[in-house]
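First up is the structure itself, then whatever we jot down about it.
Residue numbers (this note's numbering): 422 to 971.
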């Protein structure tokens with residue numbers, strides 16, 4: 422039972438698939454395949470697959486010869502004559518199903534490895550991982566063919582090595598899936614500035630590796646007897662439970678940005694809604710792909726443990742356990758390939774909806790309206806109004822108002838003082854909006870409950886723009902104009918302006934500091950950057966809300 426016995430051969434075989442798996446995960450290549458590679462790969466994949474599927478005819482003389490060899494093997498094992506026919510038919514059905522699955526995996530591998538994908542290290546790894554799973558299925562099919570057609574294969578020492586390679590391949594497949602899912606979650610965390618479970622994947626991967634090493638070691642020292650199967654089943658059940666808990670935790674974390682996108686899509690319009698819906702669909706697809714890949718792998722190993730043999734090589738039995746193991750293994754491989762295709766965007770380019778198509782639709786709609794008589798009159802009036810229908814006094818008043826609005830900018834320091842003193846009550850200020858909640862109150866809430874009361878004259882005769890009060894009536898020309906939605910969180914509006922002043926593209930950190938009341942820290946950063954007094958134009962503050970709600 423030592424390292425040179427069947428257990429040692431099994432363990433040695435299990436180490437072989439680790440080499441290509443490591444090569445895939447460690448590679449930094451990103452470029453897609455060239456023309457010749459895309460043409461040559463499908464030929465190699467198809468040729469190897471056909472050779473394995475035709476092995477009963479090429480190496481053993483056909484189906485009848487393989488059935489005879491299998492029946493002889495069953496008789497040697499002491500199977501009754503009544504069961505020989507049923508077992509042989511069951512084995513033939515199993516071979517047929519696995520052959521069909523092998524063809525499906527071959528087609529998927531051809532489709533993936535012949536695609537000229539965009540330069541991406543993740544996509545490159547996903548493509549070659551599909552090739553790895555194809556080789557894994559091909560090896561399982563060949564081993565199953567040999568167990569059907571060669572009656573003495575189970576007695577040869579080399580079969581333990583083959584079984585170990587198959588078991589190690591499935592284990593490496595799990596490691597590959599976990600690693601690529603981890604890379605995808607890390608990319609999400611960098612973009613969203615949120616934790617979505619990358620550390621959970623690291624913990625699950627480490628645990629899976631330890632459990633696999635423990636299982637292989639038990640196989641070496643205990644052999645493949647009942648004691649090994651009992652301990653091995655316990656290890657796999659424990660690992661599956663941990664994976665299931667990890668997937669649930671990741672789902673809970675990823676549901677936050679997904680809910681935010683869905684909420685934004687409900688209140689957005691036009692191209693903004695299309696882009697938000699697109700982003701939500703991409704994120705949902707990624708979450709489904711993670712579900713498919715992780716849960717299917719866990720179920721496969723769990724079913725193998727329940728069936729009584731991790732490798733699934735239960736040649737002596739043909740009951741429902743064997744069928745469940747084979748079906749789960751095939752479905753897991755297909756699920757892993759599907760998950761990789763979704764995660765990598767291999768078959769669908771992830772280009773967000775642009776303004777071009779939306780603008781084209783608007784142009785066609787305007788042209789259709791302009792073709793009608795009523796619309797023509799409206800357009801003519803509008804044109805004449807713009808081109809000179811105003812009197813000289815009206816044009817003068819219009820120009821004066823435009824100039825006045827352009828000089829109603831607000832300094833960023835004034836906006837932060839308003840947030841700290843008037844909304845949070847910091848720095849000796851008084852809260853003018855007791856209901857203000859940094860993470861919930863919208864811009865509409867702040868305008869109605871804080872901006873309008875603060876900018877009123879007090880005697881009921883209206884008021885002025887809050888920016889006018891902050892500037893003490895002085896003309897301050899804005900350097901930048903801010904567009905925003907009144908339904909957005911007000912803290913996010915302020916955070917976005919601060920992030921712009923700091924030269925940052927993401928405002929998550931600024932929003933957190935504002936919500937925590939650390940306005941002084943932000944002002945220090947702005948002072949250091951020399952942008953604390955930068956002037957912005959925001960309609961909520963630059964428009965006189967007493968005269969017209971913008």
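Cβ atoms here follow ideal geometry from the backbone N, Cα and C, with glycine treated the same way.
Item                                                                                                                                                                          : Value
Between residue 587 and residue 682, what straight-line distance do the alpha-carbon atoms span, to the nearest angstrom?                                                     : 43 angstroms
Assuming residue 523 and residue 556 are in contact, meaning their beta carbons sit under 8 angstroms apart, how far apart are those beta carbons, in whole angstroms?        : 11 angstroms between Cβ atoms; not a contact.
Going by C-alpha to C-alpha distance, which of 554, 534, 443 sits closest to residue 758?                                                                                     : 554
I'd like to confirm the pairing. Which residues does DSSP put opposite residue 633 in its beta bridges?                                                                       : Residue 633 is not bridged to any residue.
Between residue 434 and the rest of its own chain, which residues show a CB-CB distance below 6 angstroms, the 5 nearest in sequence each way excluded?                       : 582, 585, 586
Just to confirm, are residue 546 and residue 631 a CB contact at a threshold of 8 angstroms?                                                                                  : no
Report back the beta-carbon spacing between residue 972 and residue 965 to the nearest angstrom; my notes put them in contact at under 8 angstroms.                           : Not covered by the structure: residue 972. The range shown for the chain is 422 to 971.
Does residue 507 pass the burial test, meaning 16 or more other C-beta atoms within 10 Å, or should it be called exposed?                                                     : exposed
By alpha-carbon positions, which one of 832, 638, 618 ends up nearest to residue 589?                                                                                         : 638
Indicate the three-state DSSP secondary structure (helix, strand or coil) for residue 885 in the structure shown.                                                             : coil
DSSP beta-bridge partners for residue 626?                                                                                                                                    : DSSP, once it has assigned bridges, lists no residue as partnering residue 626.
Anyone know if the C-beta pair for residue 516 and residue 569 falls short of 8 angstroms?                                                                                    : yes
Under 8 angstroms, with one C-beta from each stretch per pair, do the region 451 to 463 and the region 534 to 545 reach the 3-pair mark?                                      : yes
For a test of the three-state rule: what should DSSP assign to residue 877, helix, strand or coil?                                                                            : strand
Should residue 932 and residue 952 be called a contact, given that it needs their Cβ atoms to be closer than 8 angstroms?                                                     : no
Taking its Cβ as the centre, do 16 or more other Cβ atoms sit within 10 Å of residue 596, making it buried, or is it exposed?                                                 : buried
Which runs of the alpha helix (DSSP H), 4 residues or longer, sit entirely within the region 430 to 514?                                                                      : 439 to 447, 456 to 474, 476 to 481, 484 to 497
Residue range of the alpha helix (DSSP H) that residue 948 falls in?                                                                                                          : 940 to 950
Just how far apart, CA to CA, sit residue 667 and residue 625?                                                                                                                : 7 angstroms
Going by beta carbon distance, what residues of the same chain come within less than 6 angstroms of residue 841, once the five residues before and after it are set aside?    : 847, 848, 940
Could you check how far apart the C-beta atoms of residue 863 and residue 910 are, in whole angstroms? I think they sit under 8 angstroms.                                    : 6 angstroms
Starting from residue 854, trace the alpha helix (DSSP H) both ways and give me its first and last residue.                                                                   : No alpha helix (DSSP H) holds residue 854; DSSP gives it neither H nor E.
Distance check for residue 462 and residue 598, CA to CA, integer angstroms please.                                                                                           : 23 angstroms
Three or more beta-carbon pairs under 8 angstroms between the region 692 to 704 and the region 656 to 673, yes or no?                                                         : no
Does residue 457 pass the burial test, meaning 16 or more other C-beta atoms within 10 Å, or should it be called exposed?                                                     : exposed
Where does residue 904 sit, in a helix, a strand or coil, going by DSSP?                                                                                                      : coil
Suppose you measure from the CA of residue 902 to the CA of residue 603; what does that come to, to the nearest Å?                                                            : 40 angstroms
Within its chain, find whatever has a CB closer than 7 angstroms to the CB of residue 837; leave out the 5 residues flanking it on each side and keep chain order.            : 940, 943, 944
Which stretch, first to last residue, makes up the beta strand (DSSP E) that contains residue 558?                                                                            : Element bounds for residue 558: not the beta strand (DSSP E) but the alpha helix (DSSP H), 542 to 570.
Beta carbon of residue 672, beta carbon of residue 708: below 8 angstroms?                                                                                                    : yes
Would you tell me roughly how many angstroms separate the C-alpha atoms of residue 753 and residue 937, rounded to the nearest one?                                           : 46 angstroms
Cα-Cα, which of 835, 609, 855, 928 is closest to residue 705?                                                                                                                 : 609
Evaluate residue 858 with the Cβ neighbour count: other Cβ atoms within 10 Å of its Cβ, from every protein chain shown; 16 or more gives buried, anything less gives exposed. : exposed
Quick one: give me the first and last residue of the alpha helix (DSSP H) that residue 973 is part of.                                                                        : No statement about residue 973 is possible, as the shown extent of the chain runs from 422 to 971 and does not include it.
Using 8 angstroms as the threshold, is the C-beta distance between residue 616 and residue 563 below it?                                                                      : no
Give the straight-line distance between the Cα atoms of residue 812 and residue 870, rounded to the nearest whole angstrom.                                                   : 39 angstroms
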